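This report refers to the structure that appears directly beneath it.
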Amino acid sequence: MIINVDIHCICVRSFTNDDQHYEVTLTQENEMKGCSCPDHSRSATACKHMVLINKVHRIPLPLPEALPLPIGVSDSSAAPAAAPQDDPVHALRGSIER
């Protein structure tokens, strides 16, 4: 399943399509950084290709906070807080107090 090992990347064959391969990138500290597979791109969690590398090469899986956010998801800490009138709990409290 593992096709090629490089200093910055490990190529892993797809589990479902022998003609397809994915690249698991590594940091300078030899830690997994990400995978080019669709599953990892969507979920930003450790994928089966990363788990395979973990089992074969004993490279630790990345911690969730070390992985990039999924495509289309922004950092929630950067989002502005909802205005009190837009908060459903605030609206419910207001209707109870009246």
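Position 40 (the sequence shown) corresponds to 75 in this note's numbering; numbering is contiguous. Cβ atoms here follow ideal geometry from the backbone N, Cα and C, with glycine treated the same way. Being a predicted model, the structure only gives us computed values, none of them experimental.
Going by DSSP, what residue range makes up the alpha helix (DSSP H) through residue 88? Position 53 of the sequence shown, counted from the first residue, corresponds to residue 88. 83–92 is the span of the alpha helix (DSSP H), which, as asked, contains residue 88.
In three-state DSSP terms, what is residue 75? In the sequence shown, counting from the first residue as 1, residue 75 sits at position 40. Residue 75 falls in the helix class under three-state DSSP.
Would DSSP call residue 61 helix, strand or coil? The residue you call residue 61 lines up with position 26 of the sequence shown. Correct three-state label for residue 61: strand.
Just reading off the beta strand (DSSP E) that residue 36 is part of, what are its end residues? Counted from its first residue, the sequence shown places residue 36 at position 1. No beta strand (DSSP E) holds residue 36; DSSP gives it neither H nor E.
Helix, strand or coil for residue 45? Go by DSSP, reduced to three states. Taking the sequence shown and counting its residues from 1, the one referred to as residue 45 is at position 10. Strand at residue 45.
Is the beta carbon of residue 60 closer than 8 Å to that of residue 43? Indexing the sequence shown from 1 puts residue 43 at position 8. Indexing the sequence shown from 1 puts residue 60 at position 25. Against a cut-off of 8 Å, the Cβ pair of residue 60 and residue 43 comes out as a contact.
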